[in-house]
Amino acid sequence: MGKIIAIANQKGGVGKTTTSINLSACLAEKGKKVLVIDTDPQGNTTSGFGIEKNELENTIYELILGECSIRDCIIGNVTENVSVLPANVNLAATEIELIGMEKKEYILKNEVDYVKNDYDFIIIDCPPSLNILTINAMTTADSVLVPIQCEYYALEGLSQLIHTVNLVKERLNPDLEMEGVVFTMYDARTNLSMQVVENVRQNLKQRVYQTLIPRNIRLAEAPSYGMPINKYDAKSAGAEAYMQLADEIIASVGK
């Protein structure tokens, strides 16, 4: 049975999508079968795998509305061992479409239940807000991984996210756990990055992953080529960091 990890932070620009794409691809390179679910209407995870998001007939939007089954939506082997449940801008209408619908918090979970045994890992990229799509991701997931940018306001908003995770756990998904925190955009040349990491490690009761994802130009370039970092530049610092993170995630499942 696959482990389902939602990658969430209501702050934008912290590396959620970068982490979703590259962690998935690195887990796949280590022989794991991975499904990536894009729940962000921007569809950046979808296009980051080289999928032409605006030409798709079936996406997560059609799935949520009950117009197709999950197997109809999944695009298999976009890169070796990685399949994608894609999204595009249509998904932005979900909040309105779901008004008054029964059990709307469980729509994604009920669909993913059909396929979760087909994968070792399911990675869900959440939108940068705490809306019904994020709630659906959290009711589906076993755990939440939070990317945090190494900057002064890193901890701001984190308490709100942890509060949301706890609410979902209390009311909707008793099995939901906090997977932990991963630092992104780390710059070893600045004192600030190091101070933020130390500050969070001291003050946060949550697990903090050892791997630090560096600020890396190759990581920034890769999505424009529709490739994960391990395919775009396997020797880059960014690729090496995500491979290390994949090792940490695999090890945490073994415990």
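Heads up, the sequence shown is in our numbering, so the first residue is -9 and it goes up one at a time.
Glycine residues also receive a C-beta, built at the ideal position from the N, C-alpha and C atoms.
- When DSSP states are grouped into helix, strand and coil, alanine 231 belongs to the helix group.
- Secondary structure note for valine 4: it is in no alpha helix (DSSP H), with a DSSP letter that is neither H nor E.
- Rounded to the nearest angstrom, the gap between the Cα atoms of phenylalanine 111 and glutamine 200 is 20 Å.
- Of the other Cβ atoms in all chains shown, 16 or more fall within 10 Å of the Cβ of methionine 128; this residue is therefore buried.
- Looking at the backbone, the Cα of isoleucine -6 and that of leucine 182 are separated by about 33 Å.
- Buried is the label assigned to isoleucine 122, since at least 16 other Cβ atoms lie within 10 Å of its Cβ.
- Nearest C-alpha to asparagine 189 among Asp177, Arg161 and Tyr143: Tyr143.
- Residue Ile41 holds the alpha-carbon nearest to the alpha-carbon of serine 214 among Lys23, Val4, Ile41 and Ala(-4).
- Every alpha helix (DSSP H) stretch that sits fully inside the region 176 to 224 and reaches 4 residues is listed by chain position as 181 to 193, 207 to 211 and 219 to 222.
- Taking every protein chain shown into account, the CB of alanine 210 has fewer than 16 other CB atoms within 10 angstroms, so this residue is exposed.
- Per DSSP, asparagine 67 lies in no alpha helix (DSSP H); the unbroken beta strand (DSSP E) holding it starts and ends at 65 to 69.
- Between lysine 106 and asparagine 78, the C-beta spacing is not below 8 Å.
- Within the region 96 to 150, complete beta strand (DSSP E) segments of at least 3 residues are found at 111 to 115 and 133 to 139, given in chain order.
- Per DSSP, the unbroken beta strand (DSSP E) holding isoleucine 27 starts and ends at 24 to 28.
- Beta-bridge partners of phenylalanine 173 (DSSP): Ile138 and Leu202.
- By the neighbour-count criterion, in which a residue is buried when 16 or more other Cβ atoms sit within 10 angstroms of its Cβ, proline 218 is buried.
- Our two residues, glutamine 192 and glutamine 185, have alpha carbons roughly 11 Å apart in a direct line.
- The region 83 to 99 makes no contact with the region -2 to 7: fewer than 3 CB pairs, one atom from each, lie closer than 8 Å.
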